[in-house]
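2 protein chains.
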Amino acid sequence: MTPEPTVDPQAVVDLLGVLAYGELTAFDRLADDARLAPTLAGRAALAGMAAAEMGHFARLCARLAQLGADPEVAMLPFVEVFDSFHATTAPSTWLESLVKAYVGDGIAADFYREIAGFLDASTRELVLEVLADTGHSDFALREVRAAIATDPTLVGRLSLWARRLVGEALSQAQRVAAERDALAMLLVGGTSDLADIAALLKRLTNAHTARMRTIGLSG
Amino acid sequence: MTPEPTVDPQAVVDLLGVLAYGELTAFDRLADDARLAPTLAGRAALAGMAAAEMGHFARLCARLAQLGADPEVAMLPFVEVFDSFHATTAPSTWLESLVKAYVGDGIAADFYREIAGFLDASTRELVLEVLADTGHSDFALREVRAAIATDPTLVGRLSLWARRLVGEALSQAQRVAAERDALAMLLVGGTSDLADIAALLKRLTNAHTARMRTIGLSG
Chain D
124 MTPEPTVDPQ
134 AVVDLLGVLA
144 YGELTAFDRL
154 ADDARLAPTL
164 AGRAALAGMA
174 AAEMGHFARL
184 CARLAQLGAD
194 PEVAMLPFVE
204 VFDSFHATTA
214 PSTWLESLVK
224 AYVGDGIAAD
234 FYREIAGFLD
244 ASTRELVLEV
254 LADTGHSDFA
264 LREVRAAIAT
274 DPTLVGRLSL
284 WARRLVGEAL
294 SQAQRVAAER
304 DALAMLLVGG
314 TSDLADIAAL
324 LKRLTNAHTA
334 RMRTIGLSG
Chain U
124 MTPEPTVDPQ
134 AVVDLLGVLA
144 YGELTAFDRL
154 ADDARLAPTL
164 AGRAALAGMA
174 AAEMGHFARL
184 CARLAQLGAD
194 PEVAMLPFVE
204 VFDSFHATTA
214 PSTWLESLVK
224 AYVGDGIAAD
234 FYREIAGFLD
244 ASTRELVLEV
254 LADTGHSDFA
264 LREVRAAIAT
274 DPTLVGRLSL
284 WARRLVGEAL
294 SQAQRVAAER
304 DALAMLLVGG
314 TSDLADIAAL
324 LKRLTNAHTA
334 RMRTIGLSG
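In order, the protein sequence lines correspond to chains D and U.
If you use the working numbering, the first sequence corresponds to residues 124 to 342, in order.
If you use the working numbering, the second sequence corresponds to residues 124 to 342, in order.
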C-alpha cells in the first residue's frame with residue numbers, strides 16, 4: 124500500500140487559493156466575453172460556463188474554511204498574476220473569446236489532474252470532483268470548428284492567439300512558482316528536480332497541442 | 124375544487140421568455156457590478172448571485188423547450204426593454220449596485236409570486252421553485268445596513284437611487300404590457316379591468332416600500 128503523501132499544509136492552502144481565485148477570474152472573464160456573443164444562445168452558453176466556475180469556487184472556499192483558512196487571505200497572493208494574465212489576453216472578438224474559454228478549460232483540467240496525485244485524500248477528492256464537472260467547452264469547440272469550416276483563413280490568426288494565451292499563462296505560472304516555494308514543491312511532487320518540472324510542462328504542452336488539433340488549430 | 128385556470132399558450136411562452144431574458148440580463152449586470160466590490164468576499168457574493176440567476180435561466184429555457192418553443196425566439200421580444208432598463212440604471216458605486224441587486228431580487232420574487240396563481244400546475248411549480256431559491260440578497264442587505272450605520276448621509280442618495288430604479292422598472296413594464304396583449308392579460312388574471320391592474324401595482328409597491336424600510340432607506 125502506498126502511504127498518503129505528506130503535504131505541506133501551507134502548500135495546500137496556496138493551491139486551493141490559486142484555484143479559487145482562478146475560478147473567480149474565469150467567471151469574470153467569461154461573463155464579460157458573453158457580451159461579445161452574436162446570438163442569445165451563444166451568450167447563454169458562455170454565461171452558463173461562467174456560472175459553473177462559481178460552483179467550483181464555492182466548493183474550494185468551503186474546503187479552505189474547513190482547513191481553518193480564510194478564503195480571501197488564501198486568494199490574495201494570486202490576485203495580481205491572474206489579473207495581469209487576463210489584462211494582457213482580453214479577447215477582441217467572439218471567436219477569440221471561445222478559443223480562450225476552450226484553451227483555459229483544457230489546461231485547467233490537465234493541471235487539476237496532474238496535482239491530484241500529490242494531495243491528501245479529501246483534497247484530492249474535491250479536486251477530482253471539480254475536474255469531473257466538464258463538458259462546458261463543447262459549445263466553444265463546436266462553434267470554432269464551424270467558423271473555421273466556413274472561413275479557413277481564420278486558422279492562422281486563431282492559432283497565433285492560442286499560442287499567445289499559453290505563452291502568457293506559462294509566464295504567469297513561472298512568476299507564481301518563483302514566489303511561492305511550498306506551492307511549487309507540491310506541484311512537482313515534493314521534488315525540486317528540474318527534470319521533473321520539465322516533464323510536467325512537456326505533458327501539459329502535449330495535451331494542449333492535441334486539443335488544438337481537435338479544434339482545428341495548429342499548436 | 125377550483126378548476127385549472129385556462130391560460131393562453133402564447134402568454135405562457137411570453138412569460139417564460141420575459142423571465143428567462145430577465146435572468147440572463149440580471150446575470151450580466153451582477154457579474155459586471157461584482158467588479159465594483161471593495162473586497163474579494165463582496166465580489167464573490169455578487170458573482171454567486173449572478174451564477175444563481177443562470178440556474179434559474181436554465182430551468183426556464185428547459186420548460187420553454189418542453190412546450191415546443193425556441194428559448195431564443197421567446198426571449199427576443201423582451202431584449203430591448205431589459206437592455207434599456209439596465210442601460211439607464213447602471214450603478215456608479217458599489218452601494219448602488221447592492222441596492223439594485225436587493226431591490227431587483229425583491230420585486231422579481233413578488234412578481235413571480237403574483238403570477239404563480241394564474242398558471243397551469245407545472246409552470247406554476249417551476250415558477251415557485253425558482254422563487255424558493257432566494258436568500259442571495261441577504262449579503263446586499265447586510266452590507267447596505269452596515270454602510271448606512273457608519274454614514275447616515277447615505278440614506279438620502281440611496282433612497283433616491285432606489286426610487287429611480289423602481290420608476291424605470293415600472294415604465295419598462297408598461298411598455299411590455301402595451302406591446303404584449305396576451306402576457307398583459309395573464310398578469311392580471313385574465314381580466315383587463317383597470318382596477319385589478321391598479322391593485323397589482325399597489326401590492327408590488329407596498330412590498331417594495333416594506334423592503335426599503337428593512338434595508339434602512341425611505342420608500
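Ideal placement from N, C-alpha and C gives every residue a C-beta, glycine not left out.
Predicted, not measured: the structure shown is a model, and the values here were computed from it.
| Query | Result |
| --- | --- |
| is_contact[Phe208 (chain U), chain D] using C-beta, thresh 7 Å | no |
| Helix, strand or coil at Val311 (chain U) according to DSSP, with G and I counted as helix | coil |
| Span of the alpha helix (DSSP H), counted from its first residue to its last, around Asp137 (chain D) | Pro132 to Asp156 |
| Proximal residues, the stretch 166-181 of chain U versus chain D, C-beta separation under 9 Å | Arg166, Ala167, Ala170, Gly171, Ala173, Ala174, Ala175, Glu176, Met177, Gly178, Phe180 and Ala181 |
| With 16 other Cβ atoms within 10 Å as the buried cut-off, status of Ala149 (chain U) | buried |
| Ser220 (chain D) beta carbon less than 7 Å from that of Leu159 (chain D) | yes |
| 7 Å Cβ cut-off: residues of chain D touching Ala164 (chain U) | Glu195 |
| Separation of Glu176 (chain D) from Glu195 (chain D), as counted between CA atoms | 17 Å |
| Ranges of the alpha helix (DSSP H) found wholly within the stretch 185-266 of chain U, counting only runs of at least 4 | 194-198, 202-211, 217-239 and 244-255 |
| DSSP-derived helix/strand/coil call for Ala160 (chain U) | coil |
| Span separating the alpha-carbon of Leu153 (chain D) from that of Arg152 (chain U) | 13 Å |
| The stretch 145-158 of chain D: positions lying closer than 8 Å to chain U by Cβ | Leu147, Phe150, Asp151, Ala154, Asp155, Ala157 and Arg158 |
| Neighbour list for Met198 (chain U) in chain B, Cβ cutoff strictly below 7 Å | Included in the structure are the protein chains D and U, with no chain B among them. |
| Nonlocal neighbours in the same chain, by C-beta distance under 8 Å from Leu288 (chain D), ignoring five residues either side | Thr212, Val222, Lys223, Val226 and Gly227 |
| Residue nearest to Gln297 (chain D) in terms of C-alpha spacing, selected from D:Glu266, D:Leu218 and D:Leu324 | D:Leu324 |
| Rounded Cβ spacing between Leu340 (chain D) and Val278 (chain D) (contact assumed at less than 8 Å) | 6 Å |
| Inter-stretch contact at 8 Å, needing at least 3 Cβ pairs: the stretch 190-205 of chain U / the stretch 328-342 of chain D | no |
| Between the CA atoms of Ala318 (chain D) and Val267 (chain U) - distance to the nearest angstrom | 54 Å |
| Test item: CB-CB of Arg64 (chain U) and Leu147 (chain U) under 7 Å | Residue 64 (chain U) falls outside the range modelled here, since chain U spans only 124 to 342, and no answer is possible. |
| Sequence-distant residues of its chain with Cβ nearer than 8 Å to Leu281 (chain D) (five each side left out) | Leu218, Glu219, Val222, Val267, Ile271 and Leu340 |
| Terminal residues of the alpha helix (DSSP H) in which Leu293 (chain U) lies | Leu277 to Glu302 |
| Rounded distance between the beta-carbons of Ala143 (chain U) and Leu183 (chain U), thought under 8 Å | 4 Å |
| Rounded Cβ spacing between Gly130 (chain D) and Asp243 (chain D) (contact assumed at less than 8 Å) | At residue 130 (chain D) the sequence reads Val, which differs from the Gly that was named. Right, their Cβ atoms sit about 6 Å apart. |
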